[in-house]
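My numbering puts the first residue of the sequence shown at 68, with every later residue one more than the last.
Working notes, structure below.
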Amino acid sequence: MKRSPLVPREQLDRAAPLIRVAAHPIRLRILDFLRHGPACVGEIAEAAECGQAVTSQHLGVLRQHGVLAASRDGQRVYYRLVRIELLGLLDCIQNHCRVVDGEGEDR
68 MKRSPLVPRE
78 QLDRAAPLIR
88 VAAHPIRLRI
98 LDFLRHGPAC
108 VGEIAEAAEC
118 GQAVTSQHLG
128 VLRQHGVLAA
138 SRDGQRVYYR
148 LVRIELLGLL
158 DCIQNHCRVV
168 DGEGEDR
């Protein structure tokens with residue numbers, strides 16, 4: 068069987084920091100929620116099933132690394148996903164979980 072070519076090292080070197088930033092269950096949940104559009108901290112906290120303070124900390128990390136952008140509308144700050152390539156990673160995670168749980172492809 069012929070192997071497919073490896074991903075170039077330079078691409079992996081560029082991807083690793085972004086994956087590292089996203090690699091937390093709460094952050095992954097936040098990213099998954101924001102795939103549907105901008106939201107404020109309260110909405111994100113509810114979707115992530117954690118408190119607003121914890122959510123704000125994770126939003127800060129994601130924003131600091133350029134994954135999210137924020138805009139103010141009156142008293143509220145709305146966050147939106149900027150690095151949309153992470154949606155592909157989320158899709159891979161969902162597909163993996165379906166296969167592991169026996170809901171996906173035949174083994």
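Note that the Cβ used here is the ideal one computed from N, Cα and C, for glycine as well.
On a predicted model such as this, the values are computed, not experimentally measured, just so you know.
A straight line joining the alpha-carbon of Gln124 with that of Ile111 spans about 12 Å. DSSP places Leu148 in the uninterrupted beta strand (DSSP E) bounded by Arg143 to Leu148.
A straight-line Cα-Cα distance of about 15 Å links His163 and Pro92. Remark: C-beta atoms of Arg150 and Pro105 do not approach each other more closely than 9 Å. With a threshold of 16 other beta carbon atoms within 10 Å, Ala89 meets it and is buried.
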